[in-house]
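Just so you know, the sequence shown maps onto residues 0 to 386 in numbering that gives the first Met the number 0. Only one structure is covered here, and it is reproduced in the block below.
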Amino acid sequence: MKRKIVILGSTGSIGKQTLDIIKSYPDEFDVIGLGGWENINLLKEQIIAFKPKISVVKNEHLANNLKKELNNFNKTKIYWGIDGLIKISTLEEVDMVVVAITGIASLVPTFEAIKHRKKIALASKEAMVVAGELLTREAKVQNTIILPIDSEHSAIFQCLKNEPKNNIEKIILTASGGPLYNLTTSALKDVSVEDALNHPNWKMGKKVTIDSATLMNKGLEVIEARWLFGIPTDKIEIVIHPQSYIHSMVQFIDGTILAQLSEHDMKIPIQFALFYPERANNNYTRLDFTRISQLTFKKPNFTKFSCIKLAYKALDINGTMPAVLNGANEIAVNAFLNKQINITDIPIIIQNIMKEHKAMPNPSINDILDADRWARQRALSLCENKK
Ligand code: MG
Numbered sequence: 000m001k002r003k004i005v006i007l008g009s010t011g012s013i014g015k016q017t018l019d020i021i022k023s024y025p026d027e028f029d030v031i032g033l034g035g036w037e038n039i040n041l042l043k044e045q046i047i048a049f050k051p052k053i054s055v056v057k058n059e060h061l062a063n064n065l066k067k068e069l070n071n072f073n074k075t076k077i078y079w080g081i082d083g084l085i086k087i088s089t090l091e092e093v094d095m096v097v098v099a100i101t102g103i104a105s106l107v108p109t110f111e112a113i114k115h116r117k118k119i120a121l122a123s124k125e126a127m128v129v130a131g132e133l134l135t136r137e138a139k140v141q142n143t144i145i146l147p148i149d150s151e152h153s154a155i156f157q158c159l160k161n162e163p164k165n166n167i168e169k170i171i172l173t174a175s176g177g178p179l180y181n182l183t184t185s186a187l188k189d190v191s192v193e194d195a196l197n198h199p200n201w202k203m204g205k206k207v208t209i210d211s212a213t214l215m216n217k218g219l220e221v222i223e224a225r226w227l228f229g230i231p232t233d234k235i236e237i238v239i240h241p242q243s244y245i246h247s248m249v250q251f252i253d254g255t256i257l258a259q260l261s262e263h264d265m266k267i268p269i270q271f272a273l274f275y276p277e278r279a280n281n282n283y284t285r286l287d288f289t290r291i292s293q294l295t296f297k298k299p300n301f302t303k304f305s306c307i308k309l310a311y312k313a314l315d316i317n318g319t320m321p322a323v324l325n326g327a328n329e330i331a332v333n334a335f336l337n338k339q340i341n342i343t344d345i346p347i348i349i350q351n352i353m354k355e356h357k358a359m360p361n362p363s364i365n366d367i368l369d370a371d372r373w374a375r376q377r378a379l380s381l382c383e384n385k386k
C-alpha cells in the first residue's frame, strides 16, 4: 500500500526536497495534495509531475491563473487560502501531512490534521513553538504521531527511541552558532542581510537562516523540544558545535550519551519521517570521519545572542507568550531582510513587546492567533519607528 501524502509548502526548500525523495521511491508514495501558495510556476511543474488530487494557492486570483496555466492538463482541483490547506490536510484518504510552511500559517492546518488523526511530519517549528502544548495533547488524544523534520529534533527522536522518560537526564541541542557567532557585539550591529544569509553549514529558507544568525532558531528549538518530547526546560541544554555533524544528543541517567550524526543534508531527516517506523536506503553522501578530523564544542554566549534568553523566558511564562515571541520575531526578521532595521534590533523589539504582553494561561488556538496578531502589529509599528 502506498503512503498517501499531502505537502503543505511544496514550493519551499523542505517541500522541494520532500518531493525529490518521493520521486525516487515511486512505489512508496502517492501525492494527494500540494499546498504551494505563491510560486505558481513551480507548483504547475509539481502538479504535472505528481498529479495530486488537489492543490492549494494563496488566493482566488492565483488559483485562476494556475488553472489557466494548467489548461485542463489533468483533473487536479485548485483551492485557495488557509481553508484550502485545511481541506487537503483533512482528506479522508490521507495518511501523512508534511508541514513545511514558514511561520504561523502552519498552525491551524496542522491542528486540524491532527484532529483528523493524520501523521504529521513537522518542519515548521513555529506551530510547535506557539501551540506545542495543545498540539501534542491533541495528538495523544487522537493517538497519532508528530514526527519532527527539524534536524536536531529528528536526532533527539532517533536517540530517544523506546526509552522511558525518567531515563533521560538531559537533551543536548547542538547549534552551529550560525554565520555571525564569532563577531564582536559592536560588529554585529552592522551586519548586512547578505552576511547574515551566508550560513556556514546549511542551505535553508531565508527566515530560518536569519533565525540561525541571531540564534533565535535555537531558542525556538528549545521550545519545540520541550513540547515534542515532554521534557522540562531545565533538562534542555544548548551546546555550540560549529561543524554541525552531531545534530543533537540525549544523555541518560547512567551517564550514557547517544548522538545522531550525518552529513548536512535535510533529506536525511525528511526521509526518516516519511518512512517512519521503517528506514529506507539512499545514496546521499556519507559522513567521512577521516575527512572531518575534528568535532569541537563550546558554551553558547547568551549575552551576545539574547534571543535565546528571550525564548527561555517565553517558555517559562508560557501561555500566549511564546506566540508573542514568535510573532514579533517573524516581523522583525522580515524588517531586517527588507533593510528597515539592524540585526541587533531584532531582540530589542521582541523584548519590548514581550514586556507589554500579559500572557494568558491555557490559551485556545484562537487566543494564540489573537496574541500573534497583536504582537505582529506592535512589531510592525516598532520597526516603522526604527526607520
Ligand atoms: Mg534545526
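Where is the CB? At the ideal position from N, CA and C, for every residue including glycine. Note that this is a predicted model, so its numbers are computed, not measured.
What is the residue span of the alpha helix (DSSP H) that residue i lies within?
i, result
"TYR311", "306–316"
"LYS353", "It should be noted that the sequence gives Met, not Lys, for residue 353. From DSSP, the alpha helix (DSSP H) with MET353 extends over 344–355."
"GLU223", "215–228"
"LYS385", "364–385"
"GLU44", "39–49"
"LEU18", "12–23"
"HIS152", "150–159"
"VAL190", "That residue, VAL190, is in no alpha helix (DSSP H); it is neither H nor E in DSSP."
"LEU273", "266–274"
"THR289", "288–291"
Tell me, to the nearest whole angstrom, how far the beta carbon of residue i is from that of residue j; I am working on the premise that it is less than 8 Å.
i, j, result
"GLU111", "SER88", "6 Å"
"PRO321", "VAL129", "6 Å"
"ILE103", "ILE145", "Not confirmed; about 17 Å, so no contact."
"ILE239", "PRO299", "5 Å"
"ARG372", "LEU314", "Wrong, their Cβ atoms sit about 21 Å apart, outside the cutoff."
"VAL332", "HIS356", "So it is not a contact: roughly 19 Å between Cβ atoms."
"CYS382", "ALA310", "In fact, because the Cβ distance is near 20 Å, the residues do not count as touching under 8 Å."
"MET127", "ILE4", "About 20 Å separates the two Cβ atoms, so there is no contact after all."
"THR208", "LYS303", "That pair is no contact at about 18 Å."
"LEU61", "ILE39", "6 Å"
Just grab the DSSP bridge partners of residue i for me.
i, result
"LYS3", "ASP29"
"GLY34", "LEU7 and VAL55"
"SER247", "GLN259"
"TYR78", "VAL55"
"LYS297", "ILE239"
Please report the residue range of the beta strand (DSSP E) in which residue i lies.
i, result
"THR173", "167–174"
"PRO108", "No beta strand (DSSP E) holds PRO108; the alpha helix (DSSP H) holding it covers 106–114."
"VAL332", "That residue, VAL332, is in no beta strand (DSSP E); its alpha helix (DSSP H) goes 320–336."
"ALA392", "Residue 392 lies beyond the range of the chain shown here (0 to 386); nothing can be said about it."
"GLY147", "Note that residue 147 corresponds to Pro in the displayed sequence, not to Gly. It spans 145–147 - the beta strand (DSSP E) in which PRO147 sits, taken as one unbroken run."
"VAL98", "95–98"
Is the Cβ of residue i closer than 8 Å to any Cβ of chain D?
i, result
"LEU260", "You won't find chain D in this structure, because it holds only one protein chain."
Notebook entry, point to check: For the 8 Å Cβ check, are there 3 or more pairs between the region 207–224 and the region 323–335?
Noted result: yes
Notebook entry, point to check: Below 8 Å, can you find three or more Cβ-Cβ pairs linking the region 148–166 to the region 260–277?
Noted result: yes
Next item on the list: When you get a sec, list the residues whose CB is within less than 6 Å of any heavy atom of ligand 1, chain order please.
Entry: ASP149, SER150, GLU151 and GLU220
Item checked: Touching by the beta-carbon criterion (3+ pairs, under 8 Å), the region 235–243 and the region 158–175 -> yes
Item checked: Meets three-Cβ-pair contact criterion under 8 Å: the region 377–385 and the region 346–363 -> yes
Check: Should the region 191–200 be called in touch with the region 131–138, which here means at least 3 C-beta pairs below 8 Å?
Finding: no
Check: Just checking, does the region 63–73 make contact with the region 90–108 on the three C-beta pairs under 8 Å criterion?
Finding: No: the two stretches stay apart, fewer than three of their Cβ pairs being nearer than 8 Å.
Margin query: I'd like to know if the region 241–257 and the region 172–189 are in contact, where contact means that at least 3 CB-CB pairs between them fall below 8 Å.
Written below: yes
Check: Is there contact between the region 276–283 and the region 295–310, where contact requires at least three CB pairs shorter than 8 Å?
Finding: no
Margin query: Tell me whether the region 249–263 and the region 3–10 touch, counting them as touching only if at least three CB pairs, one residue from each stretch, are closer than 8 Å.
Written below: no
Check: Any contact of the region 172–191 with the region 332–342, i.e. 3+ C-beta pairs under 8 Å?
Finding: yes
Next item on the list: Would you be able to state if there are at least three C-beta pairs under 8 Å between the region 95–109 and the region 73–80?
Entry: no
Next item on the list: Kindly confirm or deny that the region 44–55 and the region 16–30 touch, where touching means at least three C-beta pairs closer than 8 Å.
Entry: By the Cβ rule, the region 44–55 counts as touching the region 16–30, because three or more pairs are nearer than 8 Å.
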